[in-house]
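S.K.: Under UniProt numbering, the very last position in the sequence shown is 197; numbers go up by exactly one each time. We treat Cβ as the ideally placed atom computed from N, Cα and C, and that holds for glycine. Since the structure is predicted, the reported quantities are computational estimates derived from the model, not experimental observations.
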Amino acid sequence: MLTNTAMALSLLNKVLATLLFALLLLKPTSSSHHHHHHHPHHGLKSTHFALFQHETINKTGYIIVNGVAGPGVSQTTTPFGTLFAFQDPMTVTPKRSSKLVGIAEGTTITSSLDGLQSISIAKITLSLKHHKGSVSIVGGTHNIKPSDHPVVGGTGDFLFVQGYVTSSPVSLKGLTVVYKIEFHLYWPPYASQTSLS
Ligand SMILES: *[C@@H]1O[C@H](CO)[C@@H](O)[C@H](O)[C@H]1NC(C)=O
């Protein structure tokens, strides 16, 4: 009798363990079923795309406070401490006349003594086919090299979004400088309720 009960309990344990295992295996698949941009490796909804930011000195971007040291103002440098503010259009190709789908509003403060790097804060408002809202970024920008900016959050369809935005110079000649902005955005599991509605 005792042996039978022990055997039954052991069998029950095995059944429960198998069920639990099956549930663990099934869960990521079933919860990501309705996601548009399902990433196969970690089950998170994500989206990846690139836009082009156009910044025209004294038109879409202005020096608000002059810097104090280092090289002078050029397409690639600003004196250390320069406070700059911008509201730049973002288009789908490097051509300014291509479709406008975003606006980058923000500020930079020149943070390296060689005048090439700054701390950037920006809110990027996006009107894409499938997603509308804003993404907020903060981080270091290098004026002549690609730099990654962590995404700190978003609004609208980008509520709770995480990831990073890479900016790389495309054209640094003339009054308008162009940067390629690559977005790598990931929605955490708890954002799916709101961002998919
Ligand atoms: C932008 O405006 C500032 C202040 O008026 C001026 O000193 C500077 O030369 C202008 N820059 C260009 C490229 O027009």
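Does ligand 1 have even one heavy atom less than 7 Å from the beta-carbon of residue 103?
M.R.: Numbered from its first residue, the sequence shown carries residue 103 at position 103. Residue 103 Cβ: outside cutoff for every heavy atom of ligand 1.
S.K.: For residue 129, does the count of other Cβ atoms within 10 angstroms reach 16, so buried, or fall short, so exposed?
M.R.: The residue given as residue 129 occupies position 129 in the sequence shown. Answer is exposed; the Cβ neighbour count stays below 16.
S.K.: List, from N- to C-terminal side, the beta strand (DSSP E) runs of 3 residues or more that fit wholly inside the stretch 73-110.
M.R.: Those beta strand (DSSP E) runs which fall completely within the stretch 73-110 and span 3+ residues are 83-91, 100-110.
S.K.: Would residue 117 and residue 88 qualify as a contact pair, given that the criterion is a beta-carbon distance under 8 Å?
M.R.: Working through the sequence shown from its first residue, we reach residue 117 at position 117. Working through the sequence shown from its first residue, we reach residue 88 at position 88. No, the pair does not count as a contact, with Cβ atoms beyond the cut-off.
S.K.: Mapping the DSSP letters down to three states, classify residue 146 as helix, strand or coil.
M.R.: Residue numbering aside, residue 146 sits at position 146 when the sequence shown is read from its first letter. Note: residue 146 maps to coil in three-state DSSP.
S.K.: Under the assumption that residue 121 contacts residue 104 (Cβ atoms under 8 Å), give the Cβ distance between them as a whole number of angstroms.
M.R.: Here residue 121 is taken as the residue at index 121 of the sequence shown, counted from 1. Here residue 104 is taken as the residue at index 104 of the sequence shown, counted from 1. That belief does not hold up - the Cβ atoms of residue 121 and residue 104 are roughly 11 Å apart, past 8 Å.
S.K.: Are residue 79 and residue 108 closer than 8 Å when you measure CB to CB?
M.R.: Position 79 of the sequence shown, counted from the start, is the residue given in the question as residue 79. Position 108 of the sequence shown, counted from the start, is the residue given in the question as residue 108. The answer is no: Cβ separation not under 8 Å.
S.K.: Return helix, strand or coil for residue 192, following the three-state DSSP convention.
M.R.: As a working note, residue 192 is residue 192 in the sequence shown. Three-state DSSP puts residue 192 in a helix.
S.K.: Answer yes or no: do residue 148 and residue 131 have a C-beta to C-beta separation smaller than 8 Å?
M.R.: Start at 1 with the first residue of the sequence shown, and residue 148 comes out as number 148. Start at 1 with the first residue of the sequence shown, and residue 131 comes out as number 131. No.
S.K.: Near residue 114, which residues of its chain fall below 8 Å by C-beta distance, leaving aside the five closest residues on each side in sequence?
M.R.: Residue numbering aside, residue 114 sits at position 114 when the sequence shown is read from its first letter. Here the set comprises 70, 71, 77.
S.K.: Would you kindly work out how many angstroms separate the C-alpha atoms of residue 68 and residue 56, rounded to a whole number?
M.R.: As a first step, residue 68 is located in the sequence shown; it is residue number 68 there, counting from the start. As a first step, residue 56 is located in the sequence shown; it is residue number 56 there, counting from the start. Cα-Cα distance, rounded: 23 Å.
S.K.: Can you check whether the CB of residue 187 is closer than 8 Å to the CB of residue 161?
M.R.: For the purposes of this step, residue 161 is identified with residue 161 of the sequence shown, where counting begins at 1. For the purposes of this step, residue 187 is identified with residue 187 of the sequence shown, where counting begins at 1. For residue 161 and residue 187, yes; Cβs fall inside 8 Å.
S.K.: For residue 175, report the span of its beta strand (DSSP E) as first-last.
M.R.: Walking along the sequence shown from the start, residue 175 turns up at place 175. Careful: residue 175 lies outside any beta strand (DSSP E) and carries neither H nor E.
S.K.: Buried or exposed: which applies to residue 175, given that a residue is buried once 16 or more other Cβ atoms fall within 10 Å of its Cβ?
M.R.: Here the question's residue 175 lines up with position 175 in the sequence shown. By the 10 Å Cβ count, residue 175 comes out exposed.
S.K.: Any chance you could list the residues with Cβ under 5 Å from a heavy atom of ligand 1, keeping chain order?
M.R.: Every residue passing the under-5 Å Cβ criterion appears here: 57, 58.
S.K.: Can the beta-carbon of residue 170 be found less than 8 Å from the beta-carbon of residue 75?
M.R.: Here residue 170 corresponds to residue number 170 of the sequence shown, with the count starting at 1. Here residue 75 corresponds to residue number 75 of the sequence shown, with the count starting at 1. Against a cut-off of 8 Å, the Cβ pair of residue 75 and residue 170 comes out as no contact.
S.K.: By how many angstroms is the C-alpha of residue 81 removed from the C-alpha of residue 164?
M.R.: Taking the sequence shown and counting its residues from 1, one reaches residue 164 at position 164. Taking the sequence shown and counting its residues from 1, one reaches residue 81 at position 81. Distance between the alpha carbons of residue 164 and residue 81 is about 25 Å.
S.K.: For residue 93, count the other beta carbons within 10 Å of its own beta carbon; 16 or more makes it buried, fewer makes it exposed. Which is it?
M.R.: Within the sequence shown, the letter at position 93 stands for residue 93. Exposed is the call here.
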